[in-house]
Amino acid sequence: MPELPEVETIARGLAPGLTGRTVADARFLCPTVLADCPCGDVFRDGVRGRRIRAVRRRAKLLLLDLDPAPGRTDAAHLAVHLKMTGRLWIGEAASEPLRHTRFQLFLDNGQALFFQDQRRFGNCRLLADLASWPFYAALGPEPLETDPKILAARLGKKTARIKALLLDQTVVAGVGNIYADETLFLAGIRPDARACDLSPARRKKLFAVLQQVLTRAIAAGGSTIRDYRTPEGLEGGFQNDFAVYGRGGEPCPTCGTPLAVAKVAGRTSTYCPRCQG
1 MPELPEVETI
11 ARGLAPGLTG
21 RTVADARFLC
31 PTVLADCPCG
41 DVFRDGVRGR
51 RIRAVRRRAK
61 LLLLDLDPAP
71 GRTDAAHLAV
81 HLKMTGRLWI
91 GEAASEPLRH
101 TRFQLFLDNG
111 QALFFQDQRR
121 FGNCRLLADL
131 ASWPFYAALG
141 PEPLETDPKI
151 LAARLGKKTA
161 RIKALLLDQT
171 VVAGVGNIYA
181 DETLFLAGIR
191 PDARACDLSP
201 ARRKKLFAVL
211 QQVLTRAIAA
221 GGSTIRDYRT
231 PEGLEGGFQN
241 DFAVYGRGGE
251 PCPTCGTPLA
261 VAKVAGRTST
271 YCPRCQG
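If you use UniProt numbering, the sequence shown corresponds to residues 1 to 277, in order.
So, in structure tokens, the structure goes:
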């Protein structure tokens, strides 16, 4: 699933081609792509004539902020969740949709935003108020916009495993398996360590390292493991810098100890039993 760096890369890549454009129409090639909407016609009526004011990311969501349509006063937001295999790009509206295209948002300049999703887990929803969506309202703070000391304090005296808390979107938003593993390795913390057993200094270091990892990943265009591509169709490059993720059994890049693999919070975790002991 695309995580914070991948969705941030997508938002930055789409922004120049979408910001300021007006939505002419929408087309749905798969009904399940619509979330919390009775039918495609209702969605189409809700987006037509609206100007795209901004393209941005929140957690792992791609957001289009929409101005009111002519004669209306209600702004709106289009939220796209890419899930596991979702991809977004801008192309000519008259182009034949590629296989697995689920949704098209037609623009006033003859182009369209295409949403492709092989496994059909992704979705989009139209919201008058983002805060009215319980999932959105429960999201934790953005890790790149919040002081590490504040993020560390959110752990409180929790007894949960630190990896589980990093993946919990209500604790900190946008982090998934890749960047949790990479961060924990560089911070020298086992994924199964209990948060309450970490000193305040180690907690603060953890989130400072997380910020560094996410910043580097965004600069590299994200990580491509299988399906992820930028809006330009390019692979990300951060997978070439993985220290531990997906490298179970290989030597630790720091000490040479074989990297261990374990299940934490239901997810595969790779770590160095020596460096993260």
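From the three backbone atoms N, C-alpha and C, an ideal C-beta is built for every residue, glycine too.
Values in this document were obtained by computation on a predicted structure and should not be read as measured data.
Candidates the options, of which the one nearest residue i by Cα
| i | options | result |
| --- | --- | --- |
| H81 | L126, R203, I178 | L126 |
| G266 | I162, A219, R229 | I162 |
| D168 | G188, P141, A187, E182 | P141 |
| T270 | P200, I218, N177 | N177 |
| P134 | K158, Q118, T170, P143 | T170 |
| A201 | V261, L155, C275 | L155 |
| F103 | Q276, L186, R53, G40 | G40 |
| A160 | R44, Y245, D192, V33 | D192 |
| E145 | T268, G46, T215, V261 | T215 |
| E96 | L165, Q116, R53 | Q116 |
| M1 | A187, R203, G174 | G174 |
Host beta strand (DSSP E) of residue i (start-end)
| i | result |
| --- | --- |
| F242 | Where F242 is concerned, there is no enclosing beta strand (DSSP E), given that its DSSP letter is neither H nor E. |
| V7 | Where V7 is concerned, there is no enclosing beta strand (DSSP E), although the alpha helix (DSSP H) it sits in stretches over 4-18. |
| F121 | No beta strand (DSSP E) holds F121; DSSP gives it neither H nor E. |
| L184 | No beta strand (DSSP E) contains L184, which is instead part of the alpha helix (DSSP H) from 177-187. |
| D65 | 61-66 |
First through last residue of the alpha helix (DSSP H) which encompasses residue i
| i | result |
| --- | --- |
| I218 | 200-219 |
| R44 | 40-47 |
| A164 | 162-167 |
| L151 | 148-153 |
| T136 | The residue you asked about is not Thr; residue 136 is Tyr in the sequence shown. Where Y136 is concerned, the enclosing alpha helix (DSSP H) stretches over 134-137. |
Euclidean distance between Cα positions of residue i and residue j
| i | j | result |
| --- | --- | --- |
| G49 | A69 | 5 angstroms |
| G122 | R229 | 15 angstroms |
| A79 | G17 | 17 angstroms |
| G71 | G86 | 34 angstroms |
| Q276 | G20 | 48 angstroms |
| A76 | F43 | 11 angstroms |
| G188 | A260 | 14 angstroms |
In DSSP terms, what residue i is bridged to
| i | result |
| --- | --- |
| E92 | Q111 |
| P258 | P251 |
| T101 | Q116 |
| R51 | T22 |
| R72 | Partner(s): none; R72 has no beta bridge. |
| K263 | T268 |
| G86 | D117 |
C-beta neighbour in chain B for residue i, strict 8 angstroms
| i | result |
| --- | --- |
| N240 | Of the chains in the structure shown, none is chain B; there is only one protein chain. |
Exercise for the section: Report yes or no: do three or more beta-carbon pairs, one from the segment 142-157 and one from the segment 208-216, lie closer than 8 angstroms? Expected result: Between the segment 142-157 and the segment 208-216, the count of C-beta pairs closer than 8 angstroms reaches three or more; the two stretches touch.
Problem - the segment 101-112 contacting the segment 20-33, beta-carbon criterion three pairs below 8 angstroms - result: Segments in contact, yes.
Practice task
Check whether the segment 223-236 touches the segment 185-196, taking contact to mean three or more Cβ pairs, one atom from each stretch, closer than 8 angstroms.
Solution key: In this structure the segment 223-236 does not lie against the segment 185-196, because fewer than three pairs of beta carbons, one per stretch, are closer than 8 angstroms.
Problem - Segment contact flag, the segment 85-98 with the segment 47-59, C-beta cutoff 8 angstroms, min 3 pairs - result: Contact fails: fewer than three Cβ-Cβ distances are below 8 angstroms.
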